[in-house]
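Notes to accompany the following structure.
2 protein chains.
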Amino acid sequence: MTPTKKDQDGELTTRQRAVLDAVLELMVREGDQLTMTSVAKRASCSKETLYKWFGDRDGLLAATVRWQASRVRAGSYDSQRLDAALLRESLKDFAATWLEVISSSTSIALNRVAIGHAASRKSNLGGIVLANGRFAIGERLKPVLEAGRAAGLLNFDDAETAFRTFFGLVGRDVQIRLLLGDKLDMTAADIQRDATRATDHFFALYGANSEPRIRIL
Amino acid sequence: MTPTKKDQDGELTTRQRAVLDAVLELMVREGDQLTMTSVAKRASCSKETLYKWFGDRDGLLAATVRWQASRVRAGSYDSQRLDAALLRESLKDFAATWLEVISSSTSIALNRVAIGHAASRKSNLGGIVLANGRFAIGERLKPVLEAGRAAGLLNFDDAETAFRTFFGLVGRDVQIRLLLGDKLDMTAADIQRDATRATDHFFALYGANSEPRIRIL
DNA sequence: GGAGAACCGTAACGTACGGTACGGGACTCC
DNA sequence: GGAGTCCCGTACCGTACGTTACGGTTCTCC
Chain E
1 MTPTKKDQDG ELTTRQRAVL DAVLELMVRE GDQLTMTSVA KRASCSKETL YKWFGDRDGL
61 LAATVRWQAS RVRAGSYDSQ RLDAALLRES LKDFAATWLE VISSSTSIAL NRVAIGHAAS
121 RKSNLGGIVL ANGRFAIGER LKPVLEAGRA AGLLNFDDAE TAFRTFFGLV GRDVQIRLLL
181 GDKLDMTAAD IQRDATRATD HFFALYGANS EPRIRIL
Chain F
218 MTPTKKDQDG ELTTRQRAVL DAVLELMVRE GDQLTMTSVA KRASCSKETL YKWFGDRDGL
278 LAATVRWQAS RVRAGSYDSQ RLDAALLRES LKDFAATWLE VISSSTSIAL NRVAIGHAAS
338 RKSNLGGIVL ANGRFAIGER LKPVLEAGRA AGLLNFDDAE TAFRTFFGLV GRDVQIRLLL
398 GDKLDMTAAD IQRDATRATD HFFALYGANS EPRIRIL
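Each protein sequence line maps, in turn, to chains E and F.
Residue 190 in the working numbering sits at position 190 of the first sequence, and the numbers go up by one each step.
With positions in the second sequence counted from 1, the corresponding number in the working numbering is that position plus 217.
Below is the structure:
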């Protein structure tokens, strides 16, 4: 009811960040059984403080999701001086980064919570996760794709469609399998190989210097 | 503790199936708030009967997942007399069917429940969903792909890898967006178009009569 | 050094819900 | 027509957990 200014601004104190880290840790380890009591115990703070800072349980979860999202933002891929090798490398890095994110235990736990919440109505955790995950990466990658097109390296009509194809080539069944509890531990080598393969496939489909990319029936 | 023989065999009476349909309906409409009391009220049966038939809440959910899975199994795509057009049509049908499944409100609700359960330990709903979804479709599609290879229409080393690429091209970001609460209502026309595009892309990557499918760096 | 704020630890409250018990009605079998 | 079975409706129980309240400690500011 009466959130502090800091919460509204997204400015968190060190102590508050430590609390949210404890929430993340509990999400990963305990999964579902994330109670306010367990958070308070783990973070060595009182429940009264939790309610004072975050309003209620949903507010705590939302703050946690935002806190984690604020850390995921990686370096921006500048797109001047673009040649084929650099573009390919950028896409491969994107793919590898994304695979690392979705296969991390933190992301899995967070997405599970958000999906569980999407079933109910209240406090749009799913929207926050989407905005900072799928859509954020789309907005960062599309300029790269368009720069590639401007440089005559890529060939597509709609950047959104091209991005979604790349997204599918990279992620395949990984995320849904992990969310549903499938093991599938991806090593760093697996991720590099998958990222390379997805990038190769993407260039095979959208590379400007390749064959006409789709045969029209 | 003492499930009836019918439950173990997966043989369900008409009444029991009606109860599970009520569970599905409640999952779709109420999402998270699926209580034993609400199921009993909706299905017009007593809670005592629910516990007698399904053991406990998890048993009820597991039976519901299995019941829905038993209905999803579609026709088998026979793979003799294979020519290019028929193979392409089979893949496109697969893609369209899969897109219809994952964008159905029933599938979304069921996957959300299973993912929520995967966070906890108990009763492997996620495993059941995976076995009847992702893995079942893989086992049905891979023979088609291998028949296509045997007929000289496709070119790949590993059927699993080829299938996973197809899976990614078809699903892209659709399922995760829907699970996280994004709107994205797919019309039948959208599904047909996406299925066609995914199939075209797949043939561009794995078609035997196309260019060498991947440039090795 | 005294007032007040911030916060920890814990106890207490209210409720929602999983699970159980019980009475009563409908049907079957003898 | 009486015993047994199945099942509906409902009341009940126990507990887990979100939320609130409160005493005690530390720190800041004057």
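Beta carbons: idealized from backbone N, C-alpha and C, even for Gly.
Quick one: measure Cβ to Cβ for L26 (chain E) and V39 (chain E), integer angstroms, because I've assumed they're closer than 8 angstroms.
6 angstroms
Using a Cβ cut-off of 9 angstroms, pull out every chain F residue sitting near N124 (chain E), in sequence order please.
G398
List the DSSP bridge partners of L154 (chain E).
E:G207
Quick test of the definition: if touching needs 3 or more C-beta pairs under 8 angstroms, does the stretch 331-348 of chain F touch the stretch 400-412 of chain F?
no
Of the choices F:D249, F:Y268 and F:Q250, whose alpha-carbon is the least far from that of V236 (chain F)?
F:Y268
A119 (chain E): contacting residues in chain F (beta-carbon distance under 8 angstroms)
G248, D249, A326, R329, V330 and G333
Are the stretch 299-312 of chain F and the stretch 94-108 of chain E touching by the rule of at least three beta carbon pairs closer than 8 angstroms?
no
So is R112 (chain E) buried or exposed if we call it buried at 16+ other beta carbons inside 10 Å?
buried
Tell me which same chain residues have a C-beta within less than 8 angstroms of the C-beta of I128 (chain E), skipping the five on either side of it?
A62, V65, R66, A69 and A114
When E:W53, E:Q33 and E:M36 are compared against T14 (chain E), the one with the closest alpha-carbon
E:W53
Under DSSP, the alpha helix (DSSP H) around K122 (chain E) begins and ends at which residues?
That residue, K122 (chain E), is in no alpha helix (DSSP H); it is neither H nor E in DSSP.
My assumption, with CB atoms under 8 angstroms, is that A159 (chain E) sits in contact with E146 (chain E). Please give the rounded CB distance.
6 angstroms
Find out if the Cβ-Cβ distance for the pair R351 (chain F), R172 (chain E) is shorter than 8 angstroms.
no
If L82 (chain E) sits next to A151 (chain E), beta carbons under 8 angstroms apart, how far is it from one beta carbon to the other, in whole angstroms?
5 angstroms
Listing by chain order, which chain F residues have their CB less than 8 angstroms from the CB of L218 (chain E)?
Nothing in the structure corresponds to residue 218 (chain E), since chain E is present only between 1 and 217.
Chain E contact residues for A446 (chain F), given Cβ-Cβ distances below 9 angstroms
Chain F is shown only over 218 to 434; residue 446 (chain F) falls outside these bounds and no answer can be derived.
Mind checking S307 (chain F): buried by the 16 CB within 10 Å criterion, or exposed?
buried
Alpha carbon of R288 (chain F) to alpha carbon of V318 (chain F), nearest angstrom:
11 angstroms
I'd like the span of the alpha helix (DSSP H) that includes L91 (chain E), first residue to last.
A84 to I102
I'd like to know if R389 (chain F) contacts chain E, where contact means its C-beta is closer than 8 angstroms to some C-beta of that chain.
yes
Chain-ordered neighbours of V289 (chain F) on chain E, where CB pairs are closer than 8 angstroms
Correct list: empty, because the minimum Cβ distance to chain E is about 16 angstroms.
Specify the secondary structure class of T221 (chain F) as computed by DSSP and reduced to three states.
Note on T221 (chain F): pLDDT 37, under 50, position unreliable in the model; the coordinate value appears next. Correct three-state label for T221 (chain F): coil.
G127 (chain E) versus chain F: which residues are under 9 angstroms apart at the beta carbon?
L397, G398 and D399
Distance, Cα to Cα, K142 (chain E) vs F166 (chain E)?
11 angstroms
Just the Cα atoms here: how many angstroms apart are D229 (chain F) and A239 (chain F)?
With the sequence shown as reference, residue 229 (chain F) is identified as Leu, and Asp is not the correct amino acid for it. Roughly 14 angstroms between the two C-alpha positions.
Under 9 angstroms by beta carbon: chain E residues contacting L347 (chain F):
I176, R177, L180, G181 and D182
In chain E, which residues lie less than 9 angstroms from R274 (chain F) when you measure between Cβ atoms?
In chain order: nothing, as chain E lies at least about 14 angstroms away.
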